[in-house]
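Numbering (numbering that gives the first Met the number 0), first residue to last: 0 to 262. Below is one structure, written out as structure tokens; comments come after it.
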Amino acid sequence: MTDQAILSVNSFLFRWCGLVARAYTRTIYASTPHWCSNSSDPAADRELLLKHPDLVLYWFRIFVSFSGTGTHALVPYRPSSPMEFHLFEQVAWSMEYFTIAHEFGHHLLGHRNADDDPKAQEFQADAFAVKICEQLEFEPFPLLPNPYTRTAAGASLMLLALEILRAFEDPAGEGIAVVDTHPSPSDRIAKISTRNLMQPKQLQMDQEFNGTVVRIMSAVAAVMRDFRRKGGDKLVAMIRQRLHDAEMELRNSGKSSSDEANA
Ligand SMILES: [Zn+2]
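Following this line, the structure appears as structure tokens:
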């Protein structure tokens, strides 16, 4: 199984994709000309994000909530505005399609032998999943092409969001524990975004959409790293401890009431 499986096998996959897609859509709309410009300046990208404290806080709450509780419980419900709706739906669906198709790919390709190269298997499952995504270009809106499935930029968004989540979950190791068995997200995205080498127009589109995802998520990762160091890691640890304490208390009270019943 893969790190994607952590999310895909539980019922919070759709919540996770929905929230990341919503945060991503809002980040794009915070300044579309900025993100679509060719001049890439990581410092300017971070600065732009920091000019939108609501947005930064939204990203932060998503990662804190999923790393602290494994659920979306700590993220406030903020539905999409009419302007955000189409892009949000396209991004969310493309993330879901990729994740499910990737896991299905492992199954279909018979990746069960522990002696096989796990990194090669990841690349194979990715290649399978992006082919499926390409077939779903007109989902979820039949009259509106979805560039996030067509270019597999939804896959890149999923991989990079999970990478940030892992850093929240494993602050000491900066989330690199799975790197031994998995290719890095950047290696996976490099393969995904250059797969159409023989189709120059499609290749350009793939690189533009995946490039924007990488650019935005690099800025998000940098800002989240700062937030983690300024108290985010302690906050996640405290949430986990409190949940653990509450669980123990519940178990003990259940045990003592059954002891009383038996007395
Ligand atoms: Zn996998």
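Ideal Cβ placement from N, Cα and C applies to all residues, glycine included.
Item                                                                                                       : Value
Anticipated Cβ contact below 8 angstroms, residue 22 with residue 94, distance rounded                     : That pair is no contact at about 12 angstroms.
DSSP three-state assignment for residue 108, whether helix, strand or coil                                 : coil
Close beta carbons around residue 87, own chain, < 6 angstroms, minus the five adjacent residues each side : 20, 21, 24 and 79
Same chain, Cβ closer than 8 angstroms to residue 137, five either side skipped, listed in chain order     : 143, 144 and 145
Minimum C-alpha distance to residue 56 - residue among 214, 172, 121 and 227                               : 227
Residue from 160, 196, 235 and 30 with nearest C-alpha to residue 98                                       : 160
Alpha helix (DSSP H) segment containing residue 193, residue limits                                        : Element bounds for residue 193: n/a, residue is neither H nor E.
Three-state secondary structure (DSSP) of residue 138                                                      : coil
Residue 341 to residue 168 span [Cα, whole Å]                                                              : Summary: the structure shown does not reach residue 341, with the chain confined to residues 0 through 262, and so no result is reported for it.
Euclidean distance between Cα positions of residue 152 and residue 229                                     : 31 angstroms
Contained alpha helix (DSSP H) runs [length at least 4] in the region 126–172, N- to C-terminal order      : 146–149 and 152–168
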